[in-house]
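The structure appears below as structure tokens.
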Amino acid sequence: MSFLSWGPAGVPPLAAPADDGPGNPWFSWQYVKDNSDIILDKLGFHAGITIETVIIALLVAVPLAVLAYWIKPLTGPILALSGILYTIPSLALLALLAPLLGATSRVTVLIALVLYALLILVRNALTGLTQVPGEVRDAAAGMGYGRFGRLWRVELPLALPGIVTGLRLATVSTVALVTIGSIIGNGGLGDLIMGGFWNNFYKAEITTGTVLCVALALVFDLALIGLGRLLTPWSRRRAA
């Protein structure tokens, strides 16, 4: 019988003793073994929605950063709008989206996560673009590159370190924010953490969700560091 029958709409069963005795340890291999399918399902959901969030946010953020880079008067409004979205408390944002998308919809969580990731990605992409040396842009123009040619062949490649830094920050913060989705039953590993609290403070469930959440953030961050090094070999040569 699984311990993971908690849900926001129901009353959680008693899954473990509430005391600190030997029957309620902080970590239990037996719990992991008995619930491995559900744990892997929550882990897969958490990783999948994080990847979706970052990809969608990146596809929106980079064009916004380019627009702000090309049209200076738009820089303030674009950063201000993304900043306002970032300051909305997560539970309030879920409540605002619920009437439109459903109170327990996965899409509700996904859109909320994308909105939170936008500010980080827009700011870092814009910073990377503005740090491209003026003489490099002038040289590209002298070689006959138009605005789009300079952007694609010169400016975006040189802005990659800033963009990758934004990706790392956005990814790690998204891994953390996904857990808030447990309020509406779509929190991935957050469902384990909250489920442990609801299931008579079942410590093994809480610890499993927490450790896997931290490990997932670390794996994603290391993967993006490697991707950044792969995409910017010139930075490694300069460092050497």
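Heads up, the sequence shown is in full-length UniProt numbering, so the first residue is 1 and it goes up one at a time.
In this text, a Cβ means the ideal position worked out from N, Cα and C, and glycines have one as well.
Go to W198, then tell me how far its alpha helix (DSSP H) extends in each direction, as first and last residue. Position 198 of the sequence shown, counted from the start, is the residue given in the question as residue 198. Segment 189-198, the alpha helix (DSSP H) holding W198.
Span of the alpha helix (DSSP H) around K203: Position 203 of the sequence shown holds residue 203. Residues 203-231.
Three or more C-beta pairs closer than 8 Å, one from the stretch 175-188 and one from the stretch 88-99: is that the case here? yes
Is DSSP giving Y145 helix, strand or coil here? The count along the sequence shown starts at 1 and reaches residue 145 at position 145. Coil, per DSSP.
Going by beta-carbon coordinates alone, are L231 and L160 separated by less than 7 Å? Locating residue 231 in the sequence shown gives position 231, counting from the first residue. Locating residue 160 in the sequence shown gives position 160, counting from the first residue. The answer is yes: Cβ separation under 7 Å.
Classify W198: buried if its beta carbon has 16 or more other beta carbons within 10 angstroms, exposed otherwise. Indexing the sequence shown from 1 puts residue 198 at position 198. By the 16-neighbour rule on beta-carbons within 10 angstroms, W198 is buried.
Under DSSP, the alpha helix (DSSP H) around residue 255 begins and ends at which residues? Because the chain spans 1 through 240 in this model, residue 255 falls outside it and cannot be assessed.
Can you tell which of A223, T108, G226, T208 has the C-alpha that lies nearest to the C-alpha of K42? Taking the sequence shown and counting its residues from 1, the one referred to as residue 42 is at position 42. Cα-wise, what sits closest to K42 is T208.
Once DSSP output is grouped into helix, strand and coil, what is the label at F27? Numbered from its first residue, the sequence shown carries residue 27 at position 27. The answer is coil: DSSP assigns F27 none of H, G, I, E or B.
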